[in-house]
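Chemist: Before I ask anything, here is the structure I am working with.
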Amino acid sequence: MTITTDARNVRDRSTAPAIEAEHLVKRFGEMTAVDDVSFSVPQGTVLGMLGPNGAGKTTTVRMMTSLTVPTSGTARVAGHDVASDPEAVRRSMGLTGQSATVDEMLTGRENLRLIGSLYGLSRADVRRLSDDLLERFSLSESGDKVAKEYSGGMRRRLDLAVSLIAAPPVLFLDEPTTGLDPRSRVELWDVLRGLVRDGTTLLLTTQYLEEADQLADRIVVIDHGRVIAEGTPLELKDQSGQAAIVLTVSHAEQLDEARALLASHVTDVHVDVPARQLTAPADGLADMTRVAAVFDRSEIVLDDLGLKRPSLDDVFLSLTGHRAEQETNHTTETGESR
Amino acid sequence: MSQSSSTGTATRETVAPPASEYQPPSLARQVQMMVWRNLKHTRRQPEMLTDVTIQPVMFVLLFAFVFGGSIDTDSSSYREWLLPGIMAQTMAFASFIVANGLNMDLEKGIIDRFRSLPISRSSVLIGRSVYAIIHSSIGIFVMSITGLVIGWRIRNGFVDGVLAYLLLLLFGFAMIWVGILVGSSMRSVEAVNGLMFTTIFPITFLANTFAPTEAMPPVLRSIAEWNPISSLVQSMRELWGNVPPAPPDAALPLRYPIITSITWSLLIVAVIAPLAVRAYNRRTTD
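Below is the structure:
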């Protein structure tokens, strides 16, 4: 793809990816933080970059957003090369960093005005867009309060609102929900879904498997600076071994009978006596429907019958040999190396 | 979505309106916004100004009324002699203001936010510097008023009077670069304060700011006389007519204070500015 300074040309090429990374490498002295990372994000879709602390996610985002110069490789945002035309890249993207980078001593509205004016928006535009954004992020009532007084969730929302003031077509979010309580997290997810519906292309990094599962069209799993897997959430789940039929019997005395019945249709039945639960590998939904029909005709009473797909956590474990979420307490800022 | 592009026709459902349709503002406007931001900080936290208001006024009172009686100067009034010294000290502390502010912005990631915007890289530093000059000028203004109250006067003409203030500003400009260097190099605001208090603070005393250099031991006296602050203070005192010109046997920098002061300020800029820019770039690129 040729590099052009005319944004309209890029825009018309609707098939061109909004974000592209080719063989990105970043070394800090001896340490290789990012090692040959490539991916591309089609317009209007969400790429989730999933990996534990220190995997190289932040460094990758910093390279994509022109904050850090790659050791080698190329990156393009909205068709603009990050190395040769960082100015055009900066005009086409918004960035919400790992720590909420709002000015604590300014009010929400003043934060929006500061960044809006620096993008070159007129005062009238800034005022109108600020009102819209504060409204959309449920900050209307706190718009004139100093950001210092905001809660963590409000700060994140303000940070995101600030990134959106010039309506960038591409948005980078570095661990947008780290440190948020579950409710604020779900609220932020809704906001992000809204943005994507409106056509924004999103790249978000996360250490939460659930977050990637919830938001991303495609996921790149990154560990020790390398991409170790890529695909849709479903593909990744399928990759990490089989689904299983899980069946809970109502009465303990029917457990043996149930085991025999199940074993006559599938192999490898595993029994958990105290839980009155039977587990067996299944190829998919067809297997489960077959089993459901068999039990429906029998005298055995079931509490529950279902197909358990492996979670992304299982995926991560099978890919890397260690779990993605090593810490249970995510309230602290992550200390990923830069 | 209510945000429409400036073409007014494109909607986000079909094509995303690129942010690039906004023309980046001029450098002057960028700097103006940076200064606006800092002035807002000052308005929210007026105690940020204590370093250029209450602190120097306190020094004036302390030295004029507590130590003044035991300090022998060749001026008719110690208070009049003292005031230019405190003004120079206040201006030297411009480096504190820049170093602290810049370091805080770097630590909090605001600089990264600015760097992700389509603006000139220098606007952050220029904005900080302009604000520091405004901040210190408030101090100089307060000092001048305080001085007038306790008996300091500008006794020579208007041109000389203004020239003294300009020399002071030029020195402030040099000190800003020191601030950028320190602010970019240190890892925390505490480290910045620690370094500044153990260097700049004593340097402002090891001069003719509060006491004449004549009474100092020989080595200290030479250092004090060659201290950039001494020639600046001597210039201001002479230009404002607070002291007679230095005698012919005085040290070279004090016999030609104006040219020495200008040379010092330019020299500091020439040496420190490239180091400061390098430190800032290093801090912000990786």
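As you go down the protein sequences, you meet chains W and B in turn. The opening residue of the first sequence carries number 273 in this note's numbering; numbering runs sequentially from there. The opening residue of the second sequence carries number 23 in this note's numbering; numbering runs sequentially from there. Glycine included, every Cβ here is placed at the ideal spot set by N, Cα and C. Being a predicted model, the structure only gives us computed values, none of them experimental.
#1: Buried or exposed: which applies to Leu-390/W, given that a residue is buried once 16 or more other Cβ atoms fall within 10 Å of its Cβ?
#2: Consult DSSP for Met-377/W and reduce its assignment to one of helix, strand or coil.
#3: In the DSSP assignment, find the alpha helix (DSSP H) that holds Thr-450/W and state where it starts and stops.
#4: Rounded C-beta distance between Leu-534/W and Val-563/W? I'm assuming under 8 Å.
#5: If we call anything under 8 Å between Cβ atoms a contact, is Leu-296/W one with Met-335/W?
#6: At what residue ranges does the region 527 to 569 of chain W contain a whole run of the beta strand (DSSP E), taking only runs of 3 or more?
#7: Going by DSSP in three states, Lys-417/W sits in which element: helix, strand or coil?
#8: Using DSSP with H/G/I as helix, E/B as strand and the rest coil, what is Ala-516/W?
#9: So which residues on chain W does Arg-209/B lean against when the C-beta distance must stay under 9 Å?
#10: At the level of alpha carbons, what is the spacing between Tyr-278/B and Ala-213/B?
#11: Under the assumption that Ala-611/W contacts Lys-417/W (Cβ atoms under 8 Å), give the Cβ distance between them as a whole number of angstroms.
#12: Step through the CB atoms of chain W and report whether any lies within less than 8 Å of the CB of Ser-144/B.
#13: Would you call the region 118 to 134 of chain B and the region 160 to 178 of chain B touching, i.e. three or more CB-CB distances under 8 Å?
#14: Please state whether DSSP places Gly-388/W in a helix, a strand or coil.
#15: Compare the C-alpha of Gly-173/B against each of Phe-180/B, Pro-78/B, Tyr-100/B, Ile-280/B and name the closest.
#16: Report yes or no: do three or more beta-carbon pairs, one from the region 176 to 184 of chain B and one from the region 253 to 272 of chain B, lie closer than 8 Å?
#17: Counting only beta-carbon separations shorter than 8 Å, does Gln-45/B have a partner in chain W?
#18: Taking its Cβ as the centre, do 16 or more other Cβ atoms sit within 10 Å of Pro-289/W, making it buried, or is it exposed?
#19: Among Asp-134/B, Pro-239/B, Thr-231/B, Leu-276/B, which one has its Cα closest to the Cα of Leu-104/B?
#20: Only counting the same chain, and skipping five residues up and downstream in sequence, which positions put a Cβ closer than 7 Å to that of Thr-373/W?
#21: Am I right that Val-574/W and Ser-522/W are in contact with their C-beta atoms under 8 Å? What's the rounded C-beta distance?
#22: Give a yes or no on whether 8 Å exceeds the smallest Cβ distance from Tyr-480/W to chain B.
#23: Check whether the region 133 to 152 of chain B touches the region 351 to 363 of chain W, counting contact only when three or more Cβ pairs, one atom from each stretch, lie closer than 8 Å.
#24: Start and end of the alpha helix (DSSP H) containing Gly-345/W?
#25: List the residues of chain B that Glu-502/W touches, going by C-beta distances under 7 Å, in chain order.
#26: Quick one: which chain B residues come within Cβ less than 9 Å of Val-418/W?
#27: State yes or no: is the beta carbon of His-157/B nearer than 8 Å to at least one beta carbon in chain W?
#28: Taking 8 Å as the threshold, find out whether the region 402 to 418 of chain W comes into contact with the region 105 to 114 of chain B through three or more Cβ pairs.
#29: In whole angstroms, what is the alpha-carbon distance linking Ala-530/W and Thr-539/W?
#30: Just to make sure I have the definition right: I need the residues of chain B whose C-beta is within less than 7 Å of the C-beta of Thr-337/W. Which are they?
#31: Under 7 Å between beta-carbons, which chain B residues line up against Asp-375/W? List them in chain order, please.
#32: Of all the alpha helix (DSSP H) runs that stay within the bounds of the region 45 to 127 of chain B, which reach a length of 4 or more residues?
#33: In its own chain, which residues sit with a C-beta less than 6 Å from the C-beta of Gly-497/W, not counting the 5 before and 5 after it?
#34: Counting only Cβ pairs nearer than 9 Å, list the residues of chain B close to Gly-369/W.
#35: With a threshold of 8 Å between beta carbons, is Thr-72/B in contact with chain W?
#36: For Gly-149/B, collect the residues of the same chain with a Cβ closer than 6 Å to its Cβ; drop the 5 residues on either side in sequence, then sort them by chain order.
Modeler: On the basis of the coordinates in this document:
#1: Numbered from 1 along the first sequence, position 118 holds the residue referred to as residue 390/W. It is buried - the Cβ of Leu-390/W has at least 16 other Cβ atoms within 10 Å.
#2: Locating residue 377/W in the first sequence gives position 105, counting from the first residue. Met-377/W sits in coil when the DSSP states are folded into three classes, being neither helix nor strand.
#3: Looking up residue 450/W in the first sequence gives position 178. Segment: none, Thr-450/W is in no alpha helix (DSSP H) and carries neither H nor E.
#4: The residue you call residue 534/W lines up with position 262 of the first sequence. The residue you call residue 563/W lines up with position 291 of the first sequence. Contact flag correct, Cβ pair sits at about 7 Å.
#5: The sequence position of residue 296/W within the first sequence is 24, counting from 1. The sequence position of residue 335/W within the first sequence is 63, counting from 1. In this structure, Met-335/W lies closer than 8 Å to Leu-296/W by Cβ.
#6: 542 to 544, 549 to 554
#7: Here residue 417/W corresponds to residue number 145 of the first sequence, with the count starting at 1. Residue state for Lys-417/W is assigned as coil, using DSSP reduced to three classes.
#8: Translated into positions along the first sequence, residue 516/W becomes position 244. In the structure shown, Ala-516/W adopts extended strand secondary structure according to DSSP, grouped into three states.
#9: On the second sequence, residue 209/B is found 187 positions in, with the first residue counted as 1. Result: empty, since nearest Cβ-Cβ is about 13 Å, beyond 9 Å.
#10: Working through the second sequence from its first residue, we reach residue 278/B at position 256. Working through the second sequence from its first residue, we reach residue 213/B at position 191. In a straight line, the C-alpha of Tyr-278/B is about 37 Å away from that of Ala-213/B.
#11: Nothing can be reported for residue 611/W: it is not among the residues displayed for chain W, which extend from 273 to 610.
#12: On the second sequence, position 122 is the one that residue 144/B refers to. Judged by the 8 Å Cβ criterion, Ser-144/B is not in contact with chain W.
#13: Contact fails: fewer than three Cβ-Cβ distances are below 8 Å.
#14: For the purposes of this step, residue 388/W is identified with residue 116 of the first sequence, where counting begins at 1. When DSSP states are grouped into helix, strand and coil, Gly-388/W belongs to the helix group.
#15: For this step, residue 173/B is matched to residue 151 along the second sequence. Of the listed residues, the one whose Cα sits closest to Gly-173/B is Tyr-100/B.
#16: yes
#17: Position 23 of the second sequence, counting from 1, holds the residue named residue 45/B. For Gln-45/B, the answer is yes, since a Cβ of chain W falls inside 8 Å of its Cβ.
#18: As a position in the first sequence, residue 289/W is number 17, starting the count at 1. Buried, since its Cβ has 16 or more Cβ neighbours within 10 Å.
#19: On the second sequence, residue 104/B is found 82 positions in, with the first residue counted as 1. Comparing Cα-Cα distances from Leu-104/B to each of Asp-134/B, Pro-239/B, Thr-231/B, Leu-276/B, the minimum goes to Thr-231/B.
#20: The residue you call residue 373/W lines up with position 101 of the first sequence. Asp-431, listed in sequence order.
#21: Looking up residue 574/W in the first sequence gives position 302. Looking up residue 522/W in the first sequence gives position 250. Residue 574/W is actually Leu in this sequence, not Val. Correct: roughly 6 Å between the Cβ atoms.
#22: Locating residue 480/W in the first sequence gives position 208, counting from the first residue. Judged by the 8 Å Cβ criterion, Tyr-480/W is not in contact with chain B.
#23: yes
#24: For the purposes of this step, residue 345/W is taken as residue 73 along the first sequence, with counting starting at 1. Looking at the DSSP string, Gly-345/W is not in any alpha helix (DSSP H); the run it does join, the beta strand (DSSP E), is 344 to 349.
#25: Counting from 1 along the first sequence, the entry for residue 502/W is found at position 230. The contacting residues do not exist; Glu-502/W stays about 24 Å from chain B at best.
#26: Taking the first residue of the first sequence as position 1, residue 418/W is located at position 146. Going along chain B in sequence order, the residues near Val-418/W (Cβ under 9 Å) are Arg-66.
#27: One-based indexing of the second sequence puts residue 157/B at position 135. False, the Cβ-Cβ gap to chain W never drops below 8 Å.
#28: no
#29: Mapped onto the first sequence, residue 530/W falls at position 258. Mapped onto the first sequence, residue 539/W falls at position 267. Ala-530/W and Thr-539/W: Cα-Cα distance of roughly 13 Å.
#30: Against the first sequence, residue 337/W aligns to sequence position 65. Here the neighbours are Ser-138.
#31: Walking along the first sequence from the start, residue 375/W turns up at place 103. Near Asp-375/W (Cβ distances below 7 Å), the residues of chain B are Arg-59, Ile-132.
#32: Here the runs fully enclosed are 49 to 66, 76 to 83, 100 to 114.
#33: Start at 1 with the first residue of the first sequence, and residue 497/W comes out as number 225. Within the same chain, Cβ atoms closer than 6 Å to the Cβ of Gly-497/W are found at Thr-304, Ala-305, Val-306, Asp-307, Gly-328, the five residues on either side in sequence being excluded.
#34: Mapped onto the first sequence, residue 369/W falls at position 97. Neighbours of Gly-369/W on chain B, chain order: Gly-131, Asp-134, Arg-135, Ser-138.
#35: In the second sequence, the residue the question calls residue 72/B occupies position 50. With 8 Å as the cut-off, Thr-72/B does not count as an interface residue toward chain W.
#36: To locate residue 149/B, count along the second sequence from 1; it is residue 127. Closer than 6 Å at Cβ, skipping near neighbours: Val-53, Met-56, Val-57.
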